[in-house]
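What follows is one structure encoded as structure tokens, with my remarks underneath.
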Amino acid sequence: MGGCFSKPKPVELKIEVVLPEKERGKEELSASGKGSPRAYQGNGTARHFHAEERLPTTQPYPSPQDCVEATVCHVKDLENGQMREVELGWGKVLLVKDNGEFHALGHKCPHYGAPLVKGVLSRGRVRCPWHGACFNISTGDLEDFPGLDSLHKFQVKIEKEKVTVRASKQALQLQRRTKVMAKCISPSAGHSSSTNVLIVGAGAAGLVCAETLRQEGFSDRIVLCTLDRHLPYDRAKLSKSLDAQPEQLALRPKEFFRAYGIEMLTEAQVVTVDVRNKKAVFKDGFKLEYSKLLLAPGSSPKTLNCKGKDVENVFTIRTPEDANRVVRLARGRNAVVVGAGFLGMEVAAYLTEKAHSVSVVELEETPFRRFLGERVGRALMKMFENNRVKFYMQTEVLELRAQEGKLQEVVLKSSKVLRADVCVVGIGAVPATGFLRQSGIGLDSRGFIPVNKMMQTNVPGVFAAGDAVTFPLAWRNNRKVNIPHWQMAHAQGRVAAQNMLAQEAEINTVPYLWTAMFGKSLRYAGYGEGFDDVIIQGDLEELKFVAFYTKGDEVIAVASMNYDPIVSKVAEVLASGRAIRKREVELFMLHSKTGDMSWLTGKGS
1 MGGCFSKPKP VELKIEVVLP EKERGKEELS ASGKGSPRAY QGNGTARHFH AEERLPTTQP
61 YPSPQDCVEA TVCHVKDLEN GQMREVELGW GKVLLVKDNG EFHALGHKCP HYGAPLVKGV
121 LSRGRVRCPW HGACFNISTG DLEDFPGLDS LHKFQVKIEK EKVTVRASKQ ALQLQRRTKV
181 MAKCISPSAG HSSSTNVLIV GAGAAGLVCA ETLRQEGFSD RIVLCTLDRH LPYDRAKLSK
241 SLDAQPEQLA LRPKEFFRAY GIEMLTEAQV VTVDVRNKKA VFKDGFKLEY SKLLLAPGSS
301 PKTLNCKGKD VENVFTIRTP EDANRVVRLA RGRNAVVVGA GFLGMEVAAY LTEKAHSVSV
361 VELEETPFRR FLGERVGRAL MKMFENNRVK FYMQTEVLEL RAQEGKLQEV VLKSSKVLRA
421 DVCVVGIGAV PATGFLRQSG IGLDSRGFIP VNKMMQTNVP GVFAAGDAVT FPLAWRNNRK
481 VNIPHWQMAH AQGRVAAQNM LAQEAEINTV PYLWTAMFGK SLRYAGYGEG FDDVIIQGDL
541 EELKFVAFYT KGDEVIAVAS MNYDPIVSKV AEVLASGRAI RKREVELFML HSKTGDMSWL
601 TGKGS
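The numbering of the sequence shown is UniProt numbering, which starts it at 1 and goes up by one.
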């Protein structure tokens, strides 16, 4: 099985797993190992606990009236390795034939609703064509990210060469399944100053870590703390949809955290970690002992360091409030975006329909140049120019000028002066690890937390995941890399949780990311740093292409637009451990003008 997961559970049992006290490690019983935790003594100023005893009841098995059954095809209608969407009257199902066996699953990816029939079937799993999430076809379980939920699995019967599928109506309409989880049975939950697991940072890594612990039957106390005032939300969406409200971005509702005893501390800043005494100290003086710690603090956006840097209406997009204010200020006015990376370009694209003018300032000569190369960068730049975006390249901001404290002009080093009512800065980020400097937890020269394949730091019992870590990338010869992608944070959070439970899991997921601009999506898989050549198939001008990034003789990354499911196909090949050689791609380009990608699933060079 690829990805970073232990072997799949053969059947899905609707049983809540709670380990008996004696089978859990002694260390897990109380954070200090001393038995009776001290009473909670914070001063209460920034302690927002979202926890409640009331638990929702679990769904009973569906009754016969709640089920629907239909004969969907003849056994010979599908070849091995084929997928088809079939209609059951109450909704569609994905029918899969693999190694002579039929499987029926939910047909939409729970992440953003992609049709899985257009995805890639390989090694007993189906990979989403849009963002690369993988689902086991025997269980429906999510095996690689992004997203949090799995697929429903439906009953398949074969009688007289006919394939019949039986499904619950509710499951057909829901199109997602949250895995069975343990609940917290710790008596100290909610009001003591010790916890079994403390998670610092409630982005994708922190949330997935907490959920994985509960999925694996862990029933002790989990505290998840965040600087944010919101429960965990889809930060990747912020720059693509600046108008989105916090409740639209929420990854899980408040009730979810209550039900599974995942305690949320919002607006809570950890200022120091005392690894000797296993304590985290918060800004308001509250101290919390832990037994296991996950550090997932993410990164802090870089800001401009020029004259006038403190004027009003200059933003880094960090929260839904930032994003919403930018849209309000830009409506019918002049917007300037500094930085032509993913965040800057997504913001610029979103603002074109709202603002009077949108200008992008960038030090490089083309957008995305280091990431996607000159030719792809130029094609994307043209798409923006066709949508009225003006570029000021190979220059930077010299000064921000204000009138009555509010931004009025952006002065460039090229001496150009841009009218500006709002400015968004997207010039990169630095790991938010300053609070760890004196802790004894290892940091590299750039402030990243180095971890091994099990997401362990240099301190036993302390794990780290997400944008603030460097880790060994398995399929690039264990090169230590930092990959600040939404999907990678999910995968690392899961591996950290598995190793807190001593499951010896290793990170080996293939990086996958995407961006959306003007209703068009660009998908990317692999790790392309240091590429020395780009091979392009398709039409860049029409934005219908696939670009293979190579280093020496090997394909190390792929990007595409309007060419699905090629990126998921490449990700699946790389995840299987097979290298794709440059000459394979070149030969294919010579002989194929049709865009057929079947050569990729071949076994050898």
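Even for Gly, the Cβ is constructed at its ideal location relative to N, Cα and C. If you're wondering where the values come from, they're calculated on a predicted model, not measured in any experiment.
Subject >> Residue closest to residue 491, alpha-carbon to alpha-carbon, out of 142, 70, 81 and 112 >> reply: Residue nearest to residue 491 within the set 142, 70, 81 and 112 is 142 (criterion: CA-CA distance).
Subject >> Continuous alpha helix (DSSP H) stretch holding residue 311: start and end >> reply: Neither: residue 311 is in no alpha helix (DSSP H) and is coded neither H nor E.
Original post:
Is the segment 160-178 touching the segment 60-75, taking contact as three or more C-beta pairs under 8 angstroms?
Top reply: yes
**OP:** May I ask you to report which of helix, strand or coil DSSP gives residue 613?
**Re:** No answer is possible for residue 613: it lies beyond the span of the chain, which begins at 1 and ends at 605.
Original post:
To which residues of the same chain is residue 114 closer than 8 angstroms at the C-beta, ignoring the five residues directly before and after it?
Top reply: 108, 128, 129, 130 and 131
Original post:
Cβ of residue 180 within 9 angstroms of Cβ of residue 439?
Top reply: no
Original post:
Closest to residue 535 by CA distance: which of 583, 347 and 222 is it?
Top reply: 583
**OP:** Classify residue 560 as buried or exposed, calling it buried when 16 or more other Cβ atoms lie within 10 Å of its own Cβ.
**Re:** With 16 or more other Cβ atoms within 10 Å, it is buried.
Original post:
Under 9 angstroms, do residue 227 and residue 268 count as touching if we go by C-beta distance?
Top reply: yes
**OP:** Pull up the distance between the alpha-carbon of residue 151 and that of residue 105, whole angstroms please.
**Re:** 6 angstroms
Original post:
Between residue 385 and the rest of its own chain, which residues show a CB-CB distance below 8 angstroms, the 5 nearest in sequence each way excluded?
Top reply: Correct list, in chain order: 391.
**OP:** Report the residue ranges of all alpha helix (DSSP H) runs contained in full by the segment 164-196; include only those spanning at least 4 residues, in chain order.
**Re:** Runs of the alpha helix (DSSP H) inside the segment 164-196: 169-174.
Original post:
Residue ranges of each alpha helix (DSSP H) run of no fewer than 4 residues wholly in the segment 251-289, ordered along the chain?
Top reply: 254-259
Subject >> Beta-carbon proximity check, residue 205 vs residue 235, cutoff 9 angstroms >> reply: With a cutoff of 9 angstroms on beta-carbon distance, residue 205 and residue 235 are scored as not near each other.
Original post:
Going straight from the alpha carbon of residue 600 to that of residue 482, what length do you get?
Top reply: Computed Cα separation, rounded: 28 angstroms.
Original post:
Are any of the Cβ atoms in chain D nearer than 9 angstroms to that of residue 477?
Top reply: The structure shown contains no chain D; it holds only a single protein chain.
Original post:
Are the beta-carbon atoms of residue 135 and residue 225 separated by less than 9 angstroms?
Top reply: no
Original post:
residue 232 and residue 244: beta carbons closer than 9 angstroms?
Top reply: Judged by beta-carbon spacing, residue 244 lies beyond the 9 angstroms limit of residue 232, meaning their Cβ atoms are not closer than that value.
Original post:
Short check: CB of residue 565 to CB of residue 120, under 9 angstroms?
Top reply: With contacts defined by Cβ atoms closer than 9 angstroms, residue 565 and residue 120 form a contacting pair.
Original post:
In three-state terms, what does DSSP make of residue 81?
Top reply: coil
**OP:** Measure the C-alpha to C-alpha separation of residue 305 and residue 358 and round it to an integer number of angstroms.
**Re:** 22 angstroms
Original post:
When you compare only the Cα positions, how much space is there between residue 310 and residue 362?
Top reply: 20 angstroms
Subject >> Those residues which DSSP pairs with residue 331 across a bridge >> reply: 355
Original post:
Which one or two residues does DSSP pair with residue 199 in a beta bridge?
Top reply: 224 and 294
**OP:** Please name the residue or residues paired with residue 102 in a DSSP beta bridge.
**Re:** 97
Original post:
In chain order, what residues of the same chain have a beta carbon less than 6 angstroms from the beta carbon of residue 587, not counting five sequence neighbours either side?
Top reply: none
Subject >> DSSP state of residue 475 mapped onto helix, strand, coil >> reply: Assignment of residue 475 by DSSP, reduced to helix, strand and coil, places it in the helix class.
Original post:
Going by other Cβ atoms of all chains shown within 10 Å of its Cβ, with 16 needed for buried, is residue 589 buried or exposed?
Top reply: exposed
Subject >> Own chain, CB closer than 6 angstroms to residue 337, minus 5 neighbours either side, in chain order >> reply: 344, 347, 348, 360 and 424
Original post:
For the candidate residues 448, 495, 499 and 500, whose alpha-carbon lies nearest to that of residue 480?
Top reply: Cα-wise, what sits closest to residue 480 is 448.
**OP:** Would you mind stating whether residue 157 and residue 75 have Cβ atoms separated by less than 9 angstroms?
**Re:** no
Original post:
Three-state secondary structure (DSSP) at residue 566?
Top reply: helix
Original post:
Straight-line CA distance for residue 476 to residue 293?
Top reply: 28 angstroms
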